[in-house]
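Reading through the structure tokens given below for one structure.
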Amino acid sequence: LMPQDLVGETVLVTAGPTREEIDPVRFVSNYSSGKMGYALARAARLRGARVLLVSGPSALTAPWGVERICVVSAEEMRNAVLDRWGEVSIAIKAAAVADYRPARRSERKVKKADRESLSLELEKNPDILAELGLRKGDRFLVGFAAETCDLLENARKKMRAKNLDLMVANDVTQERAGFDVDTNIVRLLQPDGTEEALPEMTKDEVARHILDRIQSLRKGT
Ligand code: PMT
179 LMPQDLVGET
189 VLVTAGPTRE
199 EIDPVRFVSN
209 YSSGKMGYAL
219 ARAARLRGAR
229 VLLVSGPSAL
239 TAPWGVERIC
249 VVSAEEMRNA
259 VLDRWGEVSI
269 AIKAAAVADY
279 RPARRSERKV
289 KKADRESLSL
299 ELEKNPDILA
309 ELGLRKGDRF
319 LVGFAAETCD
329 LLENARKKMR
339 AKNLDLMVAN
349 DVTQERAGFD
359 VDTNIVRLLQ
369 PDGTEEALPE
379 MTKDEVARHI
389 LDRIQSLRKG
399 T
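Structure (structure tokens):
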């Protein structure tokens, strides 16, 4: 039986990729499937939380009992998250937000002309998690870091910069970890320097471990 230790909490989870449109038929995005975030949403719901799942485009169906808010771009994800921020007590940001978007979106399909190359100018997207870190209040804030090198150093830097209470460091170069697979291999980093390396497990199991850690940190045990 699941512990009902999240009754009374509103857990906001972000999941999936964002898509940044170039024109009506093309976009910039990444390989996130939503599996990690949806596993977190399902696990939190099973433990009694009210769950808001802000999801970028994903083929997955919403877990039972979860309120899903569908978004496409980083800008939409930011607006959806800030819109619901007042209700949230725990936020977990598993989404792979595009760091950059096309500086201009073309209203019409970009035509293949006689040119041999085409350059696309990108501009920075808002960093949603950093904004939440500034408006944290008494909420518990969890981030993910998807890294391809210097995992711990980069993840710690992001944890500090974004004012997080817990960071899930994800080396996405490992097979059976990261994007679009059912398993993951992560490390849980805390601001006090404590760190735990979890072995390979399913994303459902990773989600349970993350929730266990959140609860023990919130209770100070
Ligand atoms: O969806 P799956 O296929 O299951 O894959 C899971 C996953 C690999 C996407 C997931 O485990 C993961 O690592 N998610 C974070 C991916 C990411 O964008 O990491 P990052 O290091 O670029 O960003 C750090 C944190 O800041 C993340 O919590 C991210 O949500 C947040 N962020 C980043 C950029 C931005 N503009 N706004 C943000 O809020």
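Numbering (full-length UniProt numbering), first residue to last: 179 to 399.
Quick reminder that beta carbons are idealized off the backbone N, C-alpha and C, glycines included.
Original post:
Considering only residues of the same chain and omitting the five flanking positions on each side of V350, which have a CB-CB separation below 8 Å?
Top reply: Within the same chain, V350 has close Cβ partners A324, E325, T326, G356 and F357.
**OP:** Put residue 140 into one of helix, strand or coil per three-state DSSP.
**Re:** Since the first and last residues shown for the chain are 179 and 399, residue 140 lies out of range.
**OP:** Check whether the Cβ of D305 sits closer than 7 Å to any heavy atom of the ligand PMT, and report yes or no.
**Re:** yes
Subject >> Cβ distance (whole Å) where I306 is taken to contact I392 below 8 Å >> reply: About 19 Å separates the two Cβ atoms, so there is no contact after all.
Subject >> Neighbourhood of Q182 by C-beta distance below 7 Å, restricted to the same chain and skipping five residues each side >> reply: R225 and G226
Original post:
For the beta strand (DSSP E) that A222 lies in, which residues bound it at each end?
Top reply: For A222, no beta strand (DSSP E) encloses it; the enclosing alpha helix (DSSP H) starts and ends at K213 to L224.
Original post:
Curious, which full-length alpha helix (DSSP H) runs of at least 4 residues does the segment 235–315 contain?
Top reply: 252–262 and 306–312
Subject >> Assigned secondary structure, I363 (DSSP; H/G/I helix, E/B strand, else coil) >> reply: coil
Original post:
Roughly how many angstroms lie between the CA atoms of V275 and P195, to the nearest whole one?
Top reply: 6 Å
Original post:
Do S346 and V364 have their CB atoms nearer than 8 Å?
Top reply: The sequence given here places Val at residue 346; Ser does not occur at that position. Their beta carbons are under 8 Å apart, which means V346 touches V364 by this criterion.
Original post:
For S211, is the beta carbon positioned less than 7 Å from some heavy atom of the ligand PMT?
Top reply: yes
Original post:
Which residue's Cα is closest to the Cα of A217: K289, A375 and W242?
Top reply: W242
Original post:
Given 8 Å as the limit, is there contact between the segment 228–242 and the segment 309–324, that is, 3 or more CB pairs closer than that?
Top reply: no
**OP:** Indicate the three-state DSSP secondary structure (helix, strand or coil) for D349 in the structure shown.
**Re:** Three-state result, D349: strand.
Original post:
Of the choices R354, I247 and R338, whose alpha-carbon is the least far from that of G371?
Top reply: Of R354, I247 and R338, the residue nearest in Cα terms is R338.
**OP:** Starting from E373, follow the beta strand (DSSP E) in both directions and report where the run begins and ends.
**Re:** E373 to A375
**OP:** To the nearest angstrom, report how far apart E373 and E353 are at their CA atoms.
**Re:** Our two residues, E373 and E353, have alpha carbons roughly 22 Å apart in a direct line.
**OP:** Indicate, with yes or no, if the ligand HEM has a heavy atom lying under 7 Å from the CB of F318.
**Re:** What this structure holds is the ligand PMT, not the ligand HEM.
Original post:
Who are the Cβ neighbours of V266 in its own chain at under 8 Å, not counting the five residues just before and after it?
Top reply: T188, V189, L190, L230 and R317
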